[in-house]
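Heads up, the thing below is written out as structure tokens.
Numbering (our numbering), first residue to last: 346 to 786.
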């Protein structure tokens with residue numbers, strides 16, 4: 346007799362929920378830890394649709410199983426066997442003394458099973474696959490490179506003949522043939538007019554003193570956002586050993602720009618020239634902040650606090666004693682920041698600012714998000730042992746015993762961090778490109 350693995354009842358050995366915590370008005374229980382089978386069962390549950398769990402799973406499942414294994418488990422979930430309702434029909438028939446025959450009662454029970462459970466589960470499985478293959482990032486990472494997976498998925502779709510599922514099957518087939526869209530908000534409003542001193546006609550002319558600081562901040566922000574918008578989710582999750590070229594390009598430019606700011610300051614021979622350039626860097630920081638470019642803010646601040654620049658005590662003293670009031674206050678607070686060693690305060694301020702801004706915006710993963718990702722990786726295991734409370738780490742994830750559960754609390758935390766960090770990719774900045782500045786970058 347066929348054994349359907351998704352019919353196993355819930356127990357502390359296969360799924361654990363967060364105590365007294367539900368997600369939304371639907372009362373969906375929040376999973377703390379579970380086996381892979383129980384996770385798939387709950388993501389394709391007949392009573393509700395758990396979109397948050399599905400999103401977190403699709404972002405993190407590669408830690409636990411391969412894409413091909415996931416597809417096989419989904420197909421197994423879809424192929425629900427029909428139970429034998431003869432015994433249940435016999436009990437019902439005897440209890441209510443219906444005149445209908447035993448087979449009629451069994452048929453009614455089977456029809457109810459199909460409508461209330463089987464069709465809903467199969468519908469959820471296909472919706473799971475739609476979400477998986479329609480997302481351009483998931484498709485690029487999981488589906489496109491794996492010809493065996495694609496072939497198996499096509500073969501599975503050929504076996505689905507139910508009319509109520511035909512639209513879902515068609516949707517999946519279209520996605521496999523290239524009908525996938527990455528949503529980026531379009532802006533119909535004209536970009537602001539560029540601020541031009543008339544001093545820049547070629548990339549060699551680009552200096553902090555020849556470009557209006559607001560226009561400089563706009564151009565740097567636009568380019569940094571373009572680099573950021575190409576970053577894929579797997580480049581920042583921290584666990585998968587996958588190349589991250591887009592993320593590396595973004596960090597490389599960030600370091601390059603910071604070094605360029607430092608070089609611009611240090612190459613000035615006279616005190617007055619250094620003061621002007623450092624004031625321009627301060628202006629850049631303020632404009633970056635107004636543009637919600639937290640990466641630019643950090644780059645400008647890091648340049649001013651770099652060892653060679655901060656050792657220019659004579660220049661700092663002159664900026665504090667001879668500059669206009671807003672510059673004087675700025676550099677006084679910067680010097681005080683170093684003296685107080687308020688790195689933790691800055692981290693807190695960054696987090697508050699990040700969750701306060703509205704798109705368009707540009708986060709800086711190296712400040713807060715990466716720190717939290719590393720903390721999650723080091724402090725919390727991927728697998729936990731259900732037999733021990735509190736959960737204990739399971740060192741051998743490749744040969745996990747039956748007592749091992751996926752630490753889905755960690756998956757949710759990782760997914761929330763990654764999703765929020767990448768959420769600003771959907772809203773671009775509305776600036777036009779200044780070619781001399783762009784080429785110089």
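In this text, a Cβ means the ideal position worked out from N, Cα and C, and glycines have one as well.
For clarity, every value in this text was computed on a predicted model and none was experimentally measured.
Within the same chain, Cβ atoms closer than 7 Å to the Cβ of residue 760 are found at 400, 401, 404 and 405, the five residues on either side in sequence being excluded. Just so you know, the alpha carbons of residue 589 and residue 626 end up roughly 30 Å apart. Counting every other CB atom within 10 Å of its CB across the protein chains shown gives residue 661 a total of 16 or more, marking it as buried.
Apart from the 5 residues on each side of it in sequence, residue 702 sits with its Cβ closer than 6 Å to the Cβ of 637 in its chain, given in chain order.
Residue burial is scored here from C-beta neighbours: residue 705 has at least 16 other C-beta atoms within 10 angstroms and is therefore classed as buried. Only buried fits residue 641, as 16 or more other CB atoms lie within 10 angstroms of its CB.
Look at residue 726 here: in three-state DSSP terms it is coil, with no helix or strand label. By the neighbour-count criterion, in which a residue is buried when 16 or more other Cβ atoms sit within 10 angstroms of its Cβ, residue 371 is exposed. Counting every other CB atom within 10 Å of its CB across the protein chains shown gives residue 548 a total below 16, marking it as exposed. Runs of the alpha helix (DSSP H) lying entirely within the stretch 481 to 559 and spanning at least 4 residues, in chain order: 492 to 503 and 511 to 521. In the three-state scheme derived from DSSP, where H, G and I count as helix and E and B as strand, residue 618 is classed as helix. Taking C-beta atoms as the reference points, residue 409 and residue 751 count as a pair closer than 8 Å. Residue 389 sits close to residue 473, with the two beta carbons spaced by under 8 Å. Put simply, of 453, 579, 415 and 463 the residue whose alpha carbon is nearest the alpha carbon of residue 482 is 579. A check of alpha carbon separations from residue 646 across 514, 494, 749 and 599 identifies 599 as the nearest. The straight-line gap separating the alpha-carbon atoms of residue 633 and residue 643 is approximately 9 Å. Counting only the Cα atoms, residue 727 lies some 25 Å from residue 478.
Counting along the chain, residue 612 sits inside no beta strand (DSSP E), nor does DSSP assign it H or E at all. Apart from the 5 residues on each side of it in sequence, residue 666 sits with its Cβ closer than 8 Å to the Cβ of 673 in its chain, given in chain order. With respect to the 8 Å criterion, residue 556 and residue 782 are classified as neighbours on the basis of their beta carbons. Taken atom to atom, the span from the alpha-carbon of residue 614 to that of residue 601 is near 22 Å.
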